[in-house]
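S.K.: Please read through the structure below; I'll follow up with questions.
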Amino acid sequence: MLTQILLISQSGFILKSAGNLLPSHWLLHHSARETFPIIESLWPYLQNLKAQEPSLRLDCVAQPHPKLAGFYCFSFRQTGGHRKYLELSIQCCTEQALQFRKKNQQQNEARLLP
Amino acid sequence: MISRKVLITGSFAVGKTSLFNRFIHNTFSERYLTTIGVKVDKKEVAINGQDVSLVLWDIAGEVSQEKVPRTYFLGASAVVYVFDLSRPNTLKNMEADLKLIQKTLPGCLIKVIGNKKDLVSEEELIIMKRQIPETYLFTSAKTGENVEGLFLSLGAQLVEKKDLD
Ligand SMILES: Nc1nc2c(ncn2[C@@H]2O[C@H](COP(=O)(O)OP(=O)(O)OP(=O)(O)O)[C@@H](O)[C@H]2O)c(=O)[nH]1
Ligand SMILES: [Mg+2]
Chain W
2 MLTQILLISQ SGFILKSAGN LLPSHWLLHH SARETFPIIE SLWPYLQNLK AQEPSLRLDC
62 VAQPHPKLAG FYCFSFRQTG GHRKYLELSI QCCTEQALQF RKKNQQQNEA RLLP
Chain H
5 MISRKVLITG SFAVGKTSLF NRFIHNTFSE RYLTTIGVKV DKKEVAINGQ DVSLVLWDIA
65 GEVSQEKVPR TYFLGASAVV YVFDLSRPNT LKNMEADLKL IQKTLPGCLI KVIGNKKDLV
125 SEEELIIMKR QIPETYLFTS AKTGENVEGL FLSLGAQLVE KKDLD
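In order, the protein sequence lines correspond to chains W and H. Each residue of the first sequence is one higher than the one before, counting from 2 in this note's numbering. Each residue of the second sequence is one higher than the one before, counting from 5 in this note's numbering.
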């Protein structure tokens, strides 16, 4: 399965990376906010996520990084413990997304007919 | 640099993705490929000497905003609500939609855009303008008319808002 799990510090740097979506040296010690615009735009919210809260899921994010074509599911959660880290799991879901798009495309095109 | 999330929403096929692509990449395609989920990209603009990063969220169109996942609204500073000038039924839910957006994001900046200006005549535009508030802006993602202006004025309002906060 195509996935990547990142551990992000409170200042937004990627501390750990495991997975097969992107080479780790592109991620480790880089700013997660600069690497993924979606993280930049959610940053104030992500910083305030609480450990006991359910994870924040965004299904079907299209091309979240210039080198990641297709669609991905993003899931963020705050880890517990005395040091807060943000854990992000990115999972490829291109196949399901394309099927879903096909269905929506047909539906919307039909609705556009006069 | 300040960074602000801008959500582009509205009914399907009104031109949200086309406005996004026109502003971010200065491109346009006649082909309709419906959006699913969300695509995020950013563009930095300079406003009165202040650099602002506008992070745009282009999401799947919905006939009613009630169907838009609440998570998409998280942390948005502005919402661009798009309707299609050539399909009056894309205005049908606007009142309820705008109310819902205001309730979801209190204090957020909302811009209402009538897109596909190139498809309607001057006469039709004049009639339309009489029926809607003056602040609504008409754009064409196809010709590019008012697209840059829309996002620059949005950026300026967001900078102004930051200075007031
Ligand atoms: N003539 C004209 N066509 C436009 C304009 N903007 C978009 N279109 C066309 O309208 C169709 C739909 O455009 P999109 O940008 O995909 O619409 P959307 O709102 O993103 O649609 P969904 O993703 O399905 O919600 C495409 O065929 C575009 O080429 C415009 O300003 N003028
Ligand atoms: Mg779209």
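For every residue, glycine included, the Cβ atom is placed at its ideal position computed from N, Cα and C.
#1: Please confirm whether CYS94(W) and PHE72(W) have their CB atoms less than 8 Å apart.
#2: Going by beta carbon distance, what residues of the same chain come within less than 6 Å of PHE16(H), once the five residues before and after it are set aside?
#3: For the segment 134-147 of chain H and the segment 106-120 of chain H, state whether three or more C-beta atom pairs, one from each stretch, are separated by less than 8 Å.
#4: Please list, in chain order, the residues of the segment 40-57 of chain H that have any C-beta partner in chain W closer than 8 Å.
#5: So ALA33(W) contacts chain H; which residues on that side make the cut at Cβ distance below 7 Å?
#6: Go through its chain and collect everything with a Cβ distance to SER32(W)'s Cβ below 7 Å, but skip five positions before and after it.
#7: In its own chain, which residues sit with a C-beta less than 6 Å from the C-beta of ASN25(H), not counting the 5 before and 5 after it?
#8: With DSSP as the reference, label GLN69(H) as helix, strand or coil.
#9: Shorter than 8 Å from the beta carbon of ILE9(W) to some beta carbon of chain H?
#10: Locate the beta strand (DSSP E) running through ALA50(H), then write down its first and last residues.
#11: Chain H partners of ARG102(W), CB-CB under 7 Å?
#12: Cβ of LEU23(H) within 8 Å of Cβ of VAL151(H)?
#13: I need the boundaries of the alpha helix (DSSP H) containing ALA98(W), first residue and last residue.
#14: When you compare each of PHE142(H), ASP55(H), ALA82(H) to ASP88(H) by their alpha carbons, which one comes out closest?
#15: Strictly by DSSP, which residues pair up with PHE75(W)?
#16: Do you know how far the Cα of VAL59(H) is from the Cα of ALA80(H)?
#17: How should SER42(W) be labelled, buried or exposed, when 16 other C-beta atoms within 10 angstroms of its C-beta is the threshold for buried?
#18: On the premise that ASN97(H) lies in contact with SER68(H), defined as a C-beta separation below 8 Å, what is that separation, rounded to the nearest angstrom?
#19: State whether the segment 46-54 of chain H contacts the segment 101-115 of chain W, with contact taken as three or more CB pairs (one from each stretch) at a distance under 8 Å.
#20: Are three or more beta carbon pairs between the segment 97-111 of chain W and the segment 71-80 of chain H nearer than 8 Å?
#21: In chain order, what residues place their C-beta within less than 7 Å of a heavy atom belonging to ligand 2?
#22: At which residues does the alpha helix (DSSP H) containing ASP167(H) begin and terminate?
#23: Considering Cα atoms alone, identify which of HIS29(H), ALA82(H), ALA145(H) is closest to THR108(H).
#24: How many whole angstroms separate the CB atoms of THR36(W) and LEU29(W), which I take to be in contact at a CB cut-off of 8 Å?
#25: Strictly by DSSP, which residues pair up with TRP61(H)?
#26: With a CB to CB cut of under 8 Å and the five nearest residues on each side skipped, what residues in its chain are close to VAL44(H)?
M.R.: So, from the data block:
#1: Yes, they are a contact pair.
#2: Same-chain partners within the cutoff: GLY65.
#3: Taking 8 Å as the limit for Cβ pairs, the verdict is that the segment 106-120 of chain H does touch the segment 134-147 of chain H.
#4: For the segment 40-57 of chain H, the beta-carbon criterion of a distance under 8 Å to any beta-carbon of chain W is satisfied by ILE40, GLY41, VAL42, LYS43, VAL44, ASP45, LYS46, SER57.
#5: Correct list: empty, because the minimum Cβ distance to chain H is about 13 Å.
#6: Closer than 7 Å at the Cβ level, and outside the excluded window around SER32(W), lie GLY13, PHE14.
#7: Contacts found: THR31.
#8: Three-state result, GLN69(H): helix.
#9: Output row for ILE9(W): interface = no.
#10: Segment 42-51, the beta strand (DSSP E) holding ALA50(H).
#11: Near ARG102(W) (Cβ distances below 7 Å), the residues of chain H are THR38, ILE40.
#12: Cβ atoms of LEU23(H) and VAL151(H): closer than 8 Å.
#13: ALA98(W) -> alpha helix (DSSP H) spans 95-113.
#14: For the residues PHE142(H), ASP55(H), ALA82(H), the minimum Cα distance to ASP88(H) belongs to PHE142(H).
#15: When DSSP reads this structure, PHE75(W) sits in a beta bridge with LEU59(W), ILE91(W).
#16: Roughly 9 Å separates the two Cα atoms.
#17: When all chains shown are included, SER42(W) counts as buried.
#18: Rounded, the Cβ-Cβ distance is 5 Å, consistent with contact.
#19: The answer is no - the segment 101-115 of chain W does not touch the segment 46-54 of chain H, with fewer than three Cβ pairs under 8 Å.
#20: Contact fails between the segment 97-111 of chain W and the segment 71-80 of chain H, because fewer than three Cβ pairs, one in each stretch, are under 8 Å apart.
#21: Per the Cβ criterion, the list is LYS20(H), THR21(H), THR38(H), THR39(H), ASP62(H), ALA64(H), GLY65(H).
#22: Where ASP167(H) is concerned, the enclosing alpha helix (DSSP H) starts and stops at 151-168.
#23: Per the Cα distances, ALA82(H).
#24: That pair is no contact at about 11 Å.
#25: DSSP lists LEU11(H), VAL44(H) as partners of TRP61(H).
#26: So the list reads VAL59, LEU60, TRP61, ASP62, once near-sequence residues are dropped.
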